[in-house]
Amino acid sequence: MKKLMAANWKMYKLAGEAGDTAAALRAALDGKLPADREVLVIPPFTALGPTRQALAGAAGFALGAQNFYPSRQGAFTGEIAPDMLLDAGCRYALAGHSERRHILGEDDAVVGRKVAFGLAAGLSMILCVGEKIEERQAGEVEAVVSRQLEAGLAGVPTDVSAETLAIAYEPVWAIGTGLTAGPAEVAEAHAVVRARLVARFGPENGAKIRILYGGSVKPGNAGEILGIDNVDGVLVGGASLEAESFAAIVTA
Ligand code: PGA
């Protein structure tokens, strides 16, 4: 399966800027996108339209959403449904990003509902997991990641199609801080995730599901990170906001 190179634009960029950045990214990668890589752009909701337009017809590019509410439709003021995202051109969505867990108060159960609901609705889901610094210092990385995976994947059928599910391991202390987990730390955490996937989905399917790394990925460290065992892509925040920098990561 292709490596998934995801740009999470978080709460940055007005619609026009997002369209411009997406167009610049497309131009920067024109003829240079490695055949084994898929680019995923995840803008804020209000920028989905222009981002979609800028990427229309570009082979190897996909659009994603940062969040949704796990219901088809209804009286949920301020929320957005998977069908609306599909309608807006999204193929992927995130669930369980640490900013949603730790700033917006989403717990493991809500994250699990989103993953199961999104998949059933036809979105490909990226479940984010990762420990806080105090959990790492207490030697709890495996316990935290395993708990988040178990709850996050609880409603996912064991015969899920591996292309439609990915895990992003993002140590909370490495997100937006400039700190990156070292190769040994990444390898160790990704091995834990892989073992859980194999236990949950069987050796064949569990081996195929992509595991992305996220947390201060930059053009200068992307190549090394992508070379680590069980790293099947990256989820990039800050360094994805500029087309040139993200293009350098995609081709690293
Ligand atoms: P960062 O964010 O690359 O800015 O550390 C990663 C993420 O939150 O997905």
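Per the working numbering, the sequence shown runs over residues 2 to 253.
Even for Gly, the Cβ is constructed at its ideal location relative to N, Cα and C.
Just so we're clear, the structure is a prediction, and the values are computed from it rather than from any experiment.
Cβ-heavy atom distance, residue 212 to the ligand PGA, below 8 angstroms: no
At least 3 beta-carbon pairs within less than 8 angstroms: the stretch 108-124 vs the stretch 64-84: yes
With 16 other Cβ atoms within 10 Å as the buried cut-off, status of residue 213: buried
For residue 237, the first and last residue of its enclosing beta strand (DSSP E): 234-237
Unbroken beta strand (DSSP E) run spanning residue 85, endpoints: Unbroken run through residue 85 is the alpha helix (DSSP H), 83-88; no beta strand (DSSP E).
Separation of residue 181 from residue 23, as counted between CA atoms: 26 angstroms
Beta-carbon gap between residue 64 and residue 93 smaller than 9 angstroms: yes
Alpha carbon of residue 175 to alpha carbon of residue 126, nearest angstrom: The straight-line gap from Cα to Cα measures roughly 22 angstroms.
Distance between beta carbons of residue 52 and residue 20, contact taken as under 8 angstroms: 6 angstroms
Terminal residues of the alpha helix (DSSP H) in which residue 97 lies: First-last for residue 97: undefined, no H or E at that position.
Residue 136 and residue 130 closer than 9 angstroms at C-beta: No, Cβ-Cβ distance for residue 136 and residue 130 is not below 9 angstroms.
Enclosing alpha helix (DSSP H) for residue 212 [first to last residue]: For residue 212, there is no enclosing alpha helix (DSSP H); the enclosing beta strand (DSSP E) covers residues 211-215.
Assigned secondary structure, residue 168 (DSSP; H/G/I helix, E/B strand, else coil): strand
Nearest neighbour of residue 178, chosen from 215, 203, 199 and 165 [CA to CA]: 215
For residue 171 and residue 116, the rounded distance between their alpha carbons: When only Cα atoms are considered, residue 116 and residue 171 end up about 17 angstroms apart.
Which residues DSSP lists as bridging residue 127, in chain order: Looking at the DSSP output, residue 127 sits in a beta bridge with 95 and 167.
Three-state secondary structure assigned by DSSP to residue 157: Here residue 157 sits in coil by DSSP.
Proximity to residue 89 [Cα-Cα], best of 238, 45, 5 and 25: 45
Residue span of the beta strand (DSSP E) that contains residue 251, given as start and end: From DSSP, residue 251 is part of no beta strand (DSSP E) but of the alpha helix (DSSP H) over 244-251.
Closer than 8 angstroms: residue 164 CB and nearest the ligand PGA heavy atom: no
CB contact flag (residue 3, residue 97, <9 angstroms): no
8 angstroms contact criterion, which residue 237 and residue 7 should meet: CB distance rounded: That pair is a contact at about 7 angstroms.
Exposed unless 16 or more other CB atoms sit within 10 angstroms - verdict on residue 162: exposed
Three-state class that DSSP yields for residue 14 in the structure shown: Three-state result, residue 14: coil.
Endpoints, the alpha helix (DSSP H) within which residue 41 is located: Taken as a continuous stretch (DSSP letters only), residue 41 belongs to no alpha helix (DSSP H), being part of the beta strand (DSSP E) at 38-43.
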